[in-house]
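Going by our numbering, the sequence shown opens with residue 71, and the numbers climb by one from there.
Every residue gets a Cβ at the ideal spot worked out from N, C-alpha and C, and that includes glycine.
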Amino acid sequence: MAALSWKTVDVAVLLPFFLLLSVSVPLMDSQSCLPPHLVPQVLSDLRRWYAAEFGDYLISESPSFFLGLLWVELLFVWPISIVAAYAIATGGRRWLPKACLMAGVSVATSMAAIMTEIVNSGRGSTKLLQMYAPFAGFAVVATCEGSSHPLPPARPPLIQPRGRRRRRRRRVGIYDFHH
Numbered sequence: 071m072a073a074l075s076w077k078t079v080d081v082a083v084l085l086p087f088f089l090l091l092s093v094s095v096p097l098m099d100s101q102s103c104l105p106p107h108l109v110p111q112v113l114s115d116l117r118r119w120y121a122a123e124f125g126d127y128l129i130s131e132s133p134s135f136f137l138g139l140l141w142v143e144l145l146f147v148w149p150i151s152i153v154a155a156y157a158i159a160t161g162g163r164r165w166l167p168k169a170c171l172m173a174g175v176s177v178a179t180s181m182a183a184i185m186t187e188i189v190n191s192g193r194g195s196t197k198l199l200q201m202y203a204p205f206a207g208f209a210v211v212a213t214c215e216g217s218s219h220p221l222p223p224a225r226p227p228l229i230q231p232r233g234r235r236r237r238r239r240r241r242v243g244i245y246d247f248h249h
């Protein structure tokens, strides 16, 4: 049986999550950041249904820390998700590991804050934790994928420094003062 390759993990695990983030961040998460009159009614209804179905009080109440995390998703994770999905779908790019590392660390940080809030507040259900848990798993896989690739070799400098001439210094000892 062949070993599981990162290419398989990219296509089977990371691509679906990057595609999900590429769609869900602008359609769902951005609603907390935008004025209500800019959001189509069908999307607001979907968001309300999700919050009620999963008991996601963070979505319905939008506490300040959660809004901050959503802004990070909107301005940072969303663009990275789009380019990472593109890179995986087109067979990989040399910068894909960097994109995976950035997205993975960002999502892991958000999931740590969100899941800690859900567990410690006593308001979160098991169903809600199960909704967020795959994103924490995605963050771990993306971070591992991003950090498992060796750094590319350093490029030589464009301008080569001139060779230094070393001067031989004459050692002066205690007994060398015969002058």
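With respect to Ala154, Leu166 sits close: the two C-beta atoms are nearer than 9 Å.
Annotated three-state conformation of Gly161 is coil, per DSSP.
Rounded to whole angstroms, the gap between the alpha carbons of Val81 and Met185 is 27 Å. Minimum Cα-Cα distance from Ser176 among the listed residues Lys197, Thr160, Pro149 corresponds to Pro149. By the neighbour-count criterion, in which a residue is buried when 16 or more other Cβ atoms sit within 10 angstroms of its Cβ, Ser130 is exposed. By the C-beta criterion, the region 81-97 is judged not to be in contact with the region 120-135, since fewer than 3 inter-stretch pairs fall below 8 Å.
Residue state for Met185 is assigned as helix, using DSSP reduced to three classes.
Under the three-state reduction of DSSP, Ile150 is assigned to helix.
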